[in-house]
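Numbering (the working numbering) for the sequence shown: 87 to 354. Virtual Cβ for every residue (Gly too), placed ideally from N, Cα, C. Just so you know, these numbers come straight off a predicted model, no measurement behind them.
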Amino acid sequence: MPELPEVETVRGAMQRHLLGRPITRVRTSDKRLREPLPRSALRALIGDRFIAARRRAKFLLLDLQSGRTLLVHLGMSGNLLFRPEGEKHDHVTFEFDDGSTLIYNDPRRFGIVLVLAEGEEHTCRYLQKLGPEPLVPAFNTRYLVAQCQQRKSPIKTLVMDNSIVVGVGNIYASEALFRARIHPVTPASAVEPDDLALLVKEIKKVLRAAIRRGGTTISDYRGSGEGGRFQQKLNVYGREGEACRVCATSIESLYLSGRNTFYCPSCQ
Numbered sequence: 087m088p089e090l091p092e093v094e095t096v097r098g099a100m101q102r103h104l105l106g107r108p109i110t111r112v113r114t115s116d117k118r119l120r121e122p123l124p125r126s127a128l129r130a131l132i133g134d135r136f137i138a139a140r141r142r143a144k145f146l147l148l149d150l151q152s153g154r155t156l157l158v159h160l161g162m163s164g165n166l167l168f169r170p171e172g173e174k175h176d177h178v179t180f181e182f183d184d185g186s187t188l189i190y191n192d193p194r195r196f197g198i199v200l201v202l203a204e205g206e207e208h209t210c211r212y213l214q215k216l217g218p219e220p221l222v223p224a225f226n227t228r229y230l231v232a233q234c235q236q237r238k239s240p241i242k243t244l245v246m247d248n249s250i251v252v253g254v255g256n257i258y259a260s261e262a263l264f265r266a267r268i269h270p271v272t273p274a275s276a277v278e279p280d281d282l283a284l285l286v287k288e289i290k291k292v293l294r295a296a297i298r299r300g301g302t303t304i305s306d307y308r309g310s311g312e313g314g315r316f317q318q319k320l321n322v323y324g325r326e327g328e329a330c331r332v333c334a335t336s337i338e339s340l341y342l343s344g345r346n347t348f349y350c351p352s353c354q
């Protein structure tokens, strides 16, 4: 599943390659994504043009000159690709006046594509009750300490809660907790403030490093779809049974809040 660094990689690609070109045609499949495609609203974008690419949590917000916004969530397997139409699982196709084409492709169809009217972003249910972005100053030690007080849920579950902080998915939560030397099932209220300070620091560091390397699962959205380079830097995620890079203990996994969680039983 694309996480924050992967979605930020997409946003950067859209910012560089998508903006300014008039939309000349929109085609949609007859398949349903997580929600039905707003086919009429998508076709109404003909003649409009994208002017900015933003991200909130794992949602892409592609602003149009008309004041509307295209909201995209990649779900489990979604892609935005600059390539000709015609492959299986293409669900939305934008054609531009220079002959280029942007495709939303989603084999598992858990993604979302919506058109928000001007001002609707503030009432969109998907964008409500979201915590701060992890890379902004508002996500800091004082904030996380306050959120952890009186909470008995595992610390990994807490940092993956989008109402606490957005965009810290399974891969990067596992990696940040390893770097901070915190066991993932430790009750949030039992984590010492100094350890939470280190966790905040490591969440920011691991996300920035992953963004620089194009994420773990996606490198860019110019048509290649090849794996991001951060996978080579993973310390625990997906490495069950392999030697810890720090102490050589075998990496273990457990099932926590519906997800596989990887950790070093010695370091954490």
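Residue 143 and residue 248 closer than 8 Å at C-beta: yes
Among 198, 220 and 224, nearest to residue 212 - alpha-carbon criterion: 198
Beta-carbon proximity of residue 110 to residue 132, cut-off 8 Å: yes
Complete runs of the alpha helix (DSSP H) confined to the segment 88 to 124 [at least 4 residues]: 90 to 103
Straight-line Cα distance separating residue 333 from residue 188: 46 Å
Neighbourhood of residue 335 by C-beta distance below 8 Å, restricted to the same chain and skipping five residues each side: 329, 350, 351, 352 and 353
Span separating the alpha-carbon of residue 231 from that of residue 277: 9 Å
CB of residue 192 within 8 Å of CB of residue 164, strictly: yes
Within 8 Å, strictly: CB atoms of residue 178 and residue 244: no
Backbone CA spacing between residue 304 and residue 210 [nearest angstrom]: With a pLDDT of 47 at residue 304, under the threshold of 50, the predicted position of this residue should be treated as unreliable, and no value is reported.
For residue 176, the residue or residues it bridges with in DSSP: 191
Nonlocal neighbours in the same chain, by C-beta distance under 8 Å from residue 238, ignoring five residues either side: 273, 274 and 275
Whether residue 219 touches residue 255 by CB criterion (8 Å): no
Of the residues 283, 157 and 190, the one placed nearest residue 201, counting alpha carbons only: 157
Cβ-Cβ distance between residue 293 and residue 216 below 8 Å: no
Nonlocal neighbours in the same chain, by C-beta distance under 7 Å from residue 306, ignoring five residues either side: Any reading at residue 306 must be qualified, since the residue scores a pLDDT of 43, below 50, and its modelled position is unreliable; no value is offered.
Under the three-state DSSP convention, the category residue 257 falls into: helix
Bounding residues of the beta strand (DSSP E) (the contiguous stretch that carries residue 156): 155 to 159
Residue 342 (DSSP reduced to helix, strand or coil): strand
Straight-line gap, residue 282 to residue 208 (C-alpha atoms, nearest Å): 31 Å
Alpha helix (DSSP H) runs wholly inside the segment 217 to 273, at least 4 long, in chain order: 227 to 234, 241 to 245 and 256 to 266
Residue burial classification, residue 346 (beta-carbon count within 10 angstroms, cutoff 16): exposed
Simplified DSSP state of residue 337, which is helix, strand or coil: coil
Straight-line gap, residue 323 to residue 134 (C-alpha atoms, nearest Å): 42 Å
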